[in-house]
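> Questions regarding the structure given below will be posed in turn.
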Amino acid sequence: MERNQLKEVPSFLPPNLEQLRLSRNQISKIPPGVFNKLENLVLLDLHHNKLSDGVFNKNTFKGLKNLMQLNLAHNILRKMPPGVPSAIHQLFLDRNNIEDIPSDYFKEFPNLAFIRLNYNQISDKGLPKNSFNLTNLLVLHLAHNKLTNVPFISPKLEHLYLNNNSIESESQGFFGEENLGKVVYHPDFSQLSSLGPPALGKALPLEKIRIFNEESLGRCFRDRCQTHGLGW
């Protein structure tokens with residue numbers, strides 16, 4: 029049912045449905061209870077529609093007990109949607125207008141491994157300190173937002189995308205041994221002005237880090253080395 033002119037999620041869907049793909053429609057309404065009997069649904073794709081904050085409440089996704097992937101990218105959301113099923117593994121919310129994330133929002137999702145929030149309006153002010161310090165999180169997309177600091181993350185994270193923000197400094201300990209060994213870091217360092225002392229604690233496994241602006245990063249390390257009386 030992709031690429032049609034649907035204006036709401038259709039009712040009377042088969043209860044054994046496992047994937048529901050409704051992307052690239054004109055959907056601006058989700059009828060109450062439309063998902064109540066879809067216990068087998070594991071994928072719900074609603075990207076490229078006209079869904080706004082008022083469409084969602086704590087009961088919108090009621091019934092989707094086994095939902096693993098939810099795609100709400102390319103809509104007109106300003107807030108994180110309430111009532112997302114706790115079984116979720118992958119959450120796509122890129123290309124909306126989301127400004128902040130409620131405290132402990134992601135703590136309800138113990139299996140969450142993949143978050144895509146790039147191309148939003150998220151700033152440091154709208155990001156509680158431990159939002160992404162999640163046990164099972166492996167991939168985090170935060171590119172094209174309004175961040176100036178690297179957020180706190182779990183040492184288990186494998187991919188962090190931060191390009192096209194205005195990163196000025198790293199969170200204390202981000203460049204420590206645990207993260208440097210496991211994170212492929214994709215920042216835009218054009219605004220980076222400081223690195224915390226943990227950055228010099230261990231030799232850097234540079235093959236694990238991809239840099240978009242090597243000159244700026246090099247300048248930061250040079251300044252830090254000089255501050256501590258180290259050679260460069």
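Quick note on my numbering: the sequence shown kicks off at 29 and runs consecutively. Beta carbons: idealized from backbone N, C-alpha and C, even for Gly. Bear in mind the structure is a predicted one, so any value in this text is a computation, not a measurement.
Assuming contact is defined by CB atoms lying nearer than 9 angstroms, are F180 and N164 in contact in what I supplied?
No, the Cβ-Cβ distance between F180 and N164 is not below 9 angstroms.
> If you check the beta carbons only, do N64 and Q33 fall under 9 angstroms apart?
Contact: no.
> Suppose you measure from the CA of I116 to the CA of Q149; what does that come to, to the nearest Å?
Approximately 23 angstroms between the Cα atoms of the pair.
> Check the C-beta distance from P113 over to L92 and give it rounded, since I have them as a contact under 8 angstroms.
So it is a contact: roughly 5 angstroms between Cβ atoms.
> How is the beta strand (DSSP E) around H169 delimited, first residue to last?
From DSSP, the beta strand (DSSP E) with H169 extends over V167 to H169.
> Does F89 pass the burial test, meaning 16 or more other C-beta atoms within 10 Å, or should it be called exposed?
That one is buried.
> From L41 to F160, what distance separates their C-alpha atoms?
Cα to Cα, the separation comes out at about 35 angstroms.
> By a C-beta neighbour count over all protein chains shown, 10 Å radius and 16 as the cutoff for buried, is D132 buried or exposed?
With fewer than 16 Cβ atoms within 10 Å of its Cβ, D132 is classed as exposed.
> If you draw a straight line from the C-alpha of L228 to the C-alpha of K184, how long is it?
Residue placement at L228 cannot be trusted, given a pLDDT of 31 that sits under 50; the coordinates are not used to answer.
> Please tell me whether K86 has its Cβ less than 9 angstroms away from any Cβ of chain D.
No chain D is part of this structure, which consists of one protein chain only.
> Less than 6 angstroms between C-beta atoms, sequence neighbours within five positions excluded: which residues of the same chain meet that for L119?
Around L119: L98 and I143.
> Reducing DSSP to helix, strand and coil, say where E285 ends up.
Limits of the chain in this structure are 29 at one end and 260 at the other, which puts residue 285 out of reach.
> I'd like the span of the beta strand (DSSP E) that includes Q47, first residue to last.
Run containing Q47: Q47 to R49, per the beta strand (DSSP E) assignment.
> Starting from R144, trace the beta strand (DSSP E) both ways and give me its first and last residue.
Segment F142 to R144, the beta strand (DSSP E) holding R144.
> Have a look at N103, A141, N139 and K135 and flag the residue whose alpha-carbon is nearest the alpha-carbon of N125.
Measuring from the Cα of N125, the nearest candidate turns out to be N103.
> Please identify the residue among A141, A101, Q47 and K78 whose C-alpha is closest to the C-alpha of E67.
Nearest option by C-alpha distance: Q47.
> Assuming D73 is part of the beta strand (DSSP E), what are its boundary residues?
Counting along the chain, the beta strand (DSSP E) containing D73 begins and ends at L71 to D73.
> Go through the segment 97-156 residue by residue and report every complete run of the alpha helix (DSSP H) that reaches 4 residues or more, in order.
For the segment 97-156, not a single whole alpha helix (DSSP H) run of length 4 or above is found.
> Taking Cβ to Cβ, would you say N193 is nearer than 9 angstroms to L175?
Cβ distance < 9 angstroms, so N193 and L175 count as in contact.
> Could you check the C-alpha separation between H75 and E196 for me, to the nearest Å?
Between H75 and E196, the C-alpha separation is close to 32 angstroms.
> Should R123 go down as buried or exposed, given a rule of 16 or more other Cβ atoms within 10 Å for buried?
Buried, because 16 or more other Cβ atoms sit within 10 Å of the Cβ of R123.
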